[in-house]
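Student:
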Amino acid sequence: MLDLAIIGGGPAGLTAGLYATRGGLKNVVMFEMGMPGGQITGSSEIENYPGQAEIVSGMDLMANWPEQCQRFGLKHEMNQITSITKNNDIFNITGVDGKTYEAKSVLMATGSVPRRAGFKGENEFFGRGISTCATCDGFFYKGKEVAVVGGGDSAIEEAVYLAKLCSKVYLVHRRDTYRAAPSTIEHMKHTKNIEEVTNVTVEEVFGDTSGVLGLRVKSKETGEIRELPTPGVFIFVGRDVLNAPLKQEDGSFLCDTNEAGEVIVDLKMRTSVKGLYAAGDIRIDASKQVVCAAGDGATAAVNIIEYLG
Ligand code: NAP
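Residue 158 in UniProt numbering sits at position 158 of the sequence shown, and the numbers go up by one each step.
#1: Could you give the DSSP three-state label for I264: helix, strand or coil?
#2: Could you tell me whether the Cβ atoms of G138 and L171 are closer together than 8 Å?
#3: Verify the contact flag: R283, CB atom, against every heavy atom of the ligand NAP, threshold strictly below 7 Å.
#4: Indicate whether the contact test is met: 3 or more Cβ pairs, each with one atom in the stretch 245-261 and one in the stretch 75-94, closer than 8 Å.
#5: Pick from L213, G51, D250 and R175: whose alpha carbon is nearest that of V197?
#6: Starting from the Cα of I89, find the closest Cα among K99, S105, E77 and R115 and give me that residue.
#7: Say yes only if the C-beta of S183 is nearer than 7 Å to one or more non-hydrogen atoms of the ligand NAP, and no if none qualify.
#8: Only counting runs of 4 or more residues, tell me where the alpha helix (DSSP H) segments fall wholly within the stretch 129-169, in order along the chain.
#9: How many angstroms separate the CA atom of T110 from the CA atom of N48?
#10: Do you know how far the Cα of L276 is from the Cα of P50?
#11: What are the start and end residues of each continuous beta strand (DSSP E) run of 3 or more residues lying completely inside the stretch 92-117, in chain order?
#12: Can you tell me which of G309, P66, M59 and C166 puts its alpha carbon nearest to the alpha carbon of G8?
#13: What are the complete beta strand (DSSP E) segments, minimum 3 residues, inside the stretch 25-93?
#14: Compare the Cα-Cα distances from F91 to each of V273, G10 and V169 and report the closest residue.
#15: For the stretch 190-274, which segments carrying the beta strand (DSSP E) assignment without a break, of at least 3 residues, lie completely within its bounds, in sequence order?
#16: For K142, which of K164, D153, G10 and A159 has the nearest alpha-carbon?
#17: Per DSSP, what kind of secondary structure is I284 in: helix, strand or coil?
#18: Rounded to a whole number of angstroms, what is the C-alpha to C-alpha distance between G37 and D60?
#19: Compute the distance between the beta-carbons of A169 and V146, then report whether it is under 8 Å.
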């Protein structure tokens with residue numbers, strides 16, 4: 001019987017593993033199919049992790065985290081967890097290979113992944129001018145023009161954020177009405193250096209070996225093609241929360257989630273189910289930053305130790 005099963009090996013899961021084992025829990029397993037480190041290992045430049053004097057890659061930032069945790073006894077099981085159920089205070093966990101585990105407590109730290117919009121050049125230039133994180137990458141385009149693709153709360157909030165750093169922001173949306181909250185739209189409309197480019201489809205992001213040079217959009221009304229000369233393109237077309245293991249046989253989730261499938265937690269990272277915690281990008285109101293996910297993981301572990309005690 002595991003004291004704690006941590007599902008996911010990104011910053012939240014690893015930090016929870018560190019705090020849980022260093023805090024005295026003996027039988028803690030982190031389930032992560034691939035190499036621990038999480039999504040951030042795909043980022044080429046990180047300069048906002050506190051205490052980091054140099055700009056480092058996500059891979060370098062995360063390099064020592066697993067070893068640090070393992071020193072205190074965290075075990076890593078390379079298995080993808082497909083289902084979690086609860087019976088009589090015990091969690092039953094099943095892996096993709098059919099192997100089953102029992103645990104007294106579970107931390108969900110599987111995160112979420114930004115959706116791709118599906119236009120030409122998107123994969124080619126991802127990380128070389130195309131980004132899904134304005135807080136992480138906006139600073140690289142200080143004083144330059146950028147484009148934001150999407151029409152939801154994320155796109156509009158991030159367009160306003162980028163407008164403070166960049167000389168101009170093109171807000172590119174496939175319709176002429178937005179999904180975002182009216183107050184957010186109002187704020188955007190009063191931001192002078194945002195130009196709305198609506199009712200268009202993105203035909204292509206183009207560039208060369210140095211990265212993105214711009215994007216081509218096509219008017220849905222006239223078919224006219226326009227080129228936006230931006231070295232940065234930010235895509236916010238929704239996120240997929242990696243909550244599949246929480247799905248029960250009847251289609252409901254093991255714990256309460258919001259409409260977007262994000263797990264509802266309190267300030268101790270407790271879910272609506274006793275002994276089940278969630279940390280990092282899978283939870284509601286996540287800031288989607290490594291430092292925040294790590295903080296969540298530590299908070300969850302401290303409270304799991306208290307719960308098991
Ligand atoms: P979202 O609300 O699902 O919006 C996605 C946007 O991307 C939509 O405008 C959609 O266009 C567009 N889109 C989708 N696929 C596309 C494609 N292939 N090509 C071009 N455009 C595409 O996603 P979100 O903005 O990430 O928000 C997710 C949830 O979090 C929402 O419930 C949102 O309210 C919430 N949220 C809240 C806050 C806040 O309260 N401060 C902040 C951020 C997010 P259509 O409109 O035409 O479908």
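We put the CB at the ideal spot given by N, CA and C, even for glycine.
Tutor: This is what the structure gives:
#1: coil
#2: no
#3: no
#4: yes
#5: R175
#6: Per the sequence presented here, residue 89 reads as Asp, with Ile not at that position. Looking at the Cα atoms, S105 is the closest of the given residues.
#7: no
#8: 134-137 and 153-165
#9: 22 Å
#10: 29 Å
#11: 100-108 and 112-114
#12: P66
#13: 28-31, 75-77 and 81-87
#14: V273
#15: 194-197, 200-208, 211-219, 225-228, 232-235 and 239-241
#16: K164
#17: coil
#18: 10 Å
#19: One point to set straight first is that residue 169 is Val, not Ala, in the sequence displayed. Contact flag set, yes.
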